[in-house]
Structures are given as C-alpha cells and as structure tokens.
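Residue numbers for the sequence shown follow our numbering, beginning at 17 and rising by one.
Think of the CB as a built atom: it goes at the ideal place given N, C-alpha and C, for glycine as much as any other residue.
Worksheet for the structure shown next.
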Amino acid sequence: MRRVLPLLLLGSVVFTPTFAAAEGGDDCAYELQPISQEGDRVLAEPVLIGCFDTYAEALAAGSDGALSVSSDTTPLTLSESTVNSAAASSVVLIGTEFDNTFYSGSSKSYYASATCSASLTWEVDYVTDTWNDRFSSGKGFGGCDRNRKFQHSQFGGSSVLCTPNCTNYGTLSASVSSLRWSN
C-alpha cells in the first residue's frame with residue numbers, strides 16, 4: 017500500500033534553477049519529486065530542470081550552482097569527492113545515466129532532496145518515453161552505492177546492479193525502463 021509523503025519526512029525542496037536551459041542540449045538535469053513512500057522506498061517522478069550543451073552546465077543547473085566543475089570535466093572524470101563538495105546544497109546528485117557505454121553520449125542526471133541511506137531509497141518506476149530504452153551505463157553519487165536498472169517499467173523484467181557505477185549494462189544496454197538508487 018502506498019501513501020503520500022508528508023513534506024517534512026524527506027525535507028522535500030522545490031527549487032527554481034537560476035540557469036537558462038539550452039534548447040536541444042544533450043545533457044539533461046532532472047529533479048526527483050516524491051510521489052509516495054512505502055517503507056524506506058520513495059517513488060519519485062523526474063521533473064525536467066533543463067537540457068544543456070555540456071555535462072558541466074547540467075551539473076551546475078541541477079545543483080542550483082552548488083556543483084560547479086570545470087568545463088573540461090567529463091562523466092568519466094567526475095568523482096564522488098567532487099560531488100560531495102556540493103553537500104551543502106539543498107539538492108543532491110544521486111546518479112547520472114548515459115546513452116552509451118563508458119559514460120558517454122547523452123546524459124540524464126537525477127537530483128534528490130536527500131542522499132541515499134539505510135532508511136532512504138529513491139525509485140523511478142518509468143524513465144519517460146523520451147529516455148526509455150536508451151541507457152547503457154551509469155554512475156551513482158550521494159551515498160547511492162547500490163543502483164539497480166530494470167528492463168521494464170514498474171521494476172519488472174531483468175535487472176543489473178551497479179555498485180555504484182557500471183561502464184556497461186550488458187544485456188540491458190539500451191533496454192532500461194526503471195531505476196532504483198539505494199545505500
């Protein structure tokens with residue numbers, strides 16, 4: 017049975033980014049808006065913050081400027097320690113999914129109001145029509161060290177577990193429809 021999350025439970029934060037989104041950019045940032053909670057699992061809907069020309073721009077916009085990296089930062093070089101330096105922000109980068117293997121191609125970064133913990137798991141039961149069956153690699157951040165990718169929506173079908181990163185989703189490459197980030 018699902019119940020609606022009280023706003024104080026997760027300290028949900030609704031923010032308005034101060035960055036202008038580039039039209040047609042390949043690197044997108046999404047805020048996870050809680051929909052319901054069952055036990056420690058928070059079901060969230062990804063809400064588009066914007067799509068940008070560079071990964072660095074998407075990181076800055078998603079964190080409302082708290083995660084500022086150099087323009088030559090790549091998905092491969094972004095580290096957990098760099099992400100942790102933005103911990104004072106009211107939003108946390110918990111994961112980035114990529115169209116291609118080895119953290120390349122278009123990206124979709126997810127931001128939440130709190131890090132993953134023993135008592136908090138974030139879930140997206142469907143990645144949207146735009147991003148369905150596209151992801152082939154991903155990185156986990158924000159204490160989200162166990163990240164499961166599912167073949168079908170609603171966490172169905174085959175799955176692959178990343179701890180926290182996967183350079184290649186193997187048989188699930190370009191076949192991911194739902195996501196779960198946990199500690």
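Distance CB(residue i)-CB(residue j) smaller than 8 Å
i	j	result
Q170	V192	no
Y46	Y127	yes
Y142	S198	no
S123	D43	yes
K165	G154	yes
S129	V99	no
L48	P62	yes
D145	A190	no
S125	G78	yes
L177	D56	no
Member of the options whose CA lies at the smallest distance from the CA of residue i
i	options	result
T12	G121, T146, V107 and G78	Since the first residue of the chain shown is 17 and the last is 199, residue 12 is not available in this structure.
C132	C160, G156, S87 and T112	C160
G81	G172, L109 and G173	L109
D88	E73, Q49 and L64	E73
R162	G78, R196 and D149	R196
S97	G156, N148, D145 and A77	G156
F151	S174, L177, C178 and N116	N116
I65	R57, G41 and L59	G41
V58	P180, S175, A134 and L92	A134
C-alpha gap between residue i and residue j, whole angstroms
i	j	result
I51	W138	11 Å
V85	T187	33 Å
F114	Y71	11 Å
F118	C182	8 Å
T112	E54	24 Å
L83	C67	16 Å
P180	A60	20 Å
A38	W147	The predicted model places A38 with a pLDDT of 44, which falls under 50 and marks its position as unreliable; any figure quoted below should be read in that light. If I take the Cα positions, the gap works out to 18 Å.
S175	V140	14 Å
Per DSSP, the bridge partner or partners of residue i
i	result
T112	S125 and K155
E73	Answer is none; E73 lacks a bridge partner.
G66	A45
E139	L59 and R196
F166	S175 and S194
S133	L136
C182	G154
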